[in-house]
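Following this note's numbering, the numbering of the sequence shown begins with 54 at its first residue and continues without gaps. All C-beta atoms in this analysis are idealised placements derived from N, C-alpha and C, irrespective of residue type, glycine included. Only one structure is covered here, and it is reproduced in the block below.
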Amino acid sequence: MGTDNLQNRNGGYTYEYPRPAMTADCVIFGFDGRGLKILLIERGVEPYKGYWALPGGFMKMEETIEECAIRELREETGVTNIYLEQFCCFSSVGRDPRGRVVTVAFIALVRPADYQVVGGDDARAAEWFDADMLPPLAFDHTEIIEAARVRLREILTLRPAAFYLLDEIFTVDELRRVYEVINGITYDRRNFHRKLMQSHLVEDVDSRTLMASTTTAPCKSSIAAPRGRKPKFFRLSKRRNRDTDSDIEEGSIKDLFTF
54 MGTDNLQNRN
64 GGYTYEYPRP
74 AMTADCVIFG
84 FDGRGLKILL
94 IERGVEPYKG
104 YWALPGGFMK
114 MEETIEECAI
124 RELREETGVT
134 NIYLEQFCCF
144 SSVGRDPRGR
154 VVTVAFIALV
164 RPADYQVVGG
174 DDARAAEWFD
184 ADMLPPLAFD
194 HTEIIEAARV
204 RLREILTLRP
214 AAFYLLDEIF
224 TVDELRRVYE
234 VINGITYDRR
244 NFHRKLMQSH
254 LVEDVDSRTL
264 MASTTTAPCK
274 SSIAAPRGRK
284 PKFFRLSKRR
294 NRDTDSDIEE
304 GSIKDLFTF
């Protein structure tokens with residue numbers, strides 16, 4: 054290392070070169086039955102006070118970047134117990150007016166109805182916004198969201214992530230709508246249904262199971278099927294892939310909805 058570090062009294066090393074700050078930012082996607090949503094917080098402090106931004110903040114010395122993301126999301130929105138996936142690092146020199154700040158971005162898919170978001174810590178408010186109608190954003194968060202949407206489309210070709218934006222029990226039309234709003238494509242209803250059934254990714258849900266599901270039965274009972282037919286309900290299959298003895302959701306989604 055040459056002469057760019059000095060040993061301190063605790064036996065460690067102190068480096069003379071500047072050290073940037075590290076932050077975590079979370080892109081939380083949701084689906085309300087019609088369109089893709091993104092969770093944002095209203096900043097209550099400078100810089101960009103009053104602007105909307107992604108939930109996130111500075112990493113503490115005693116935590117990992119993953120722990121930082123989870124903590125900031127909890128403190129600023131009240132959202133807890135979700136899986137966050139790291140997808141990109143943003144390090145443009147002038148991205149933060151407070152100094153040299155590098156951020157690690159995370160992505161997650163949730164059902165908005167499962168969470169009552171509330172602003173906290175240095176966030177004045179937390180709200181879901183239509184992904185195609187976002188307000189002016191702080192920092193480089195527009196760029197981060199654009200990258201997250203590209204990554205989300207990639208994820209859909211690798212695993213059935215779209216299922217996690219829906220209730221446990223859903224219709225094919227609900228699932229098709231998720232794929233359409235994420236990919237920006239209108240799918241033929243019959244072809245989509247046919248390919249989904251061929252994939253063995255889903256299994257039928259009978260009326261007894263539907264009514265036993267207290268969280269879905271009331272809203273599902275009002276769904277109207279085309280031409281007056283009784284709607285059919287499905288859920289993600291729990292069966293195993295006989296060839297690999299792994300969860301069927303792994304790998305079998307690739308190119309499923311490429312027409």
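Tell me which residue opens and which closes the beta strand (DSSP E) that Ala176 is part of. Residue 176 sits at position 123 when you count from the first residue of the sequence shown. 176-183 is the span of the beta strand (DSSP E), which, as asked, contains Ala176.
Where DSSP assigns a beta bridge to Val155, which residues make up the other side? Locating residue 155 in the sequence shown gives position 102, where the first residue counts as 1. DSSP lists Met75 as partners of Val155.
Inter-residue Cα distance where the pair is Asp193 and Gln169: Numbered from its first residue, the sequence shown carries residue 193 at position 140. Numbered from its first residue, the sequence shown carries residue 169 at position 116. For Asp193 and Gln169, the distance between alpha carbons rounds to 27 Å.
Helix, strand or coil for Thr130, going by three-state DSSP, please let me know. One-based indexing of the sequence shown puts residue 130 at position 77. Residue state, collapsed to three classes: helix.
Taking Thr67 as part of the beta strand (DSSP E), name the residues at either end of that continuous run. Here residue 67 refers to the residue found at position 14 when the sequence shown is read from its first residue. It spans 66-68 - the beta strand (DSSP E) in which Thr67 sits, taken as one unbroken run.
Here's a check: name, in chain order, each residue in its chain whose Cβ is nearer than 7 Å to the Cβ of Arg151, leaving out the five neighbours to either side. Locating residue 151 in the sequence shown gives position 98, counting from the first residue. Around Arg151: Pro100.
Quick one: is Arg242 buried, meaning 16 or more other Cβ sit within 10 Å of its Cβ, or exposed? In the sequence shown, residue 242 corresponds to position 189, counting from 1. So Arg242 counts as exposed.
In angstroms, rounded to a whole number, what distance separates the CA positions of Tyr104 and His253? Translated into the one-based positions of the sequence shown, residue 104 becomes position 51. Translated into the one-based positions of the sequence shown, residue 253 becomes position 200. Roughly 45 Å separates the two Cα atoms.
Among Leu249, Met75, Thr239, which residue has its Cα nearest to the Cα of Val155? Within the sequence shown, residue 155 is the residue found at index 102, counting from 1. That would be Met75, whose Cα lies nearest to the Cα of Val155.
Please report the distance separating the alpha-carbon of Met114 from that of Arg230. Indexing the sequence shown from 1 puts residue 114 at position 61. Indexing the sequence shown from 1 puts residue 230 at position 177. Looking at the two C-alpha atoms, the distance is approximately 43 Å.
Is the beta carbon of Phe140 sitting closer than 8 Å to the one on Val225? Sequence index remark: in the sequence shown, residue 140 carries index 87 (1-based). Sequence index remark: in the sequence shown, residue 225 carries index 172 (1-based). Not closer than 8 Å, so no.
Kindly indicate the opening and closing residues of the alpha helix (DSSP H) around Leu209. As a working mapping, residue 209 is identified with position 156 in the sequence shown. Counting along the chain, the alpha helix (DSSP H) containing Leu209 begins and ends at 194-209.
From what residue to what residue does the alpha helix (DSSP H) around Phe245 run? Along the sequence shown, one-based indexing puts residue 245 at 192. Per DSSP, Phe245 belongs to the alpha helix (DSSP H) from 242-252.
By Cβ distance below 7 Å, which residues in the same chain neighbour Asp363 in space, the five residues on each side in sequence not counted? What the structure shows of the chain is the stretch from 54 to 312, and residue 363 is not part of that stretch, so it cannot be assessed.
What first and last residue would you give for the beta strand (DSSP E) that runs through Arg230? Translated into the one-based positions of the sequence shown, residue 230 becomes position 177. Counting along the chain, Arg230 falls outside any beta strand (DSSP E), though it belongs to the alpha helix (DSSP H) covering 225-236.
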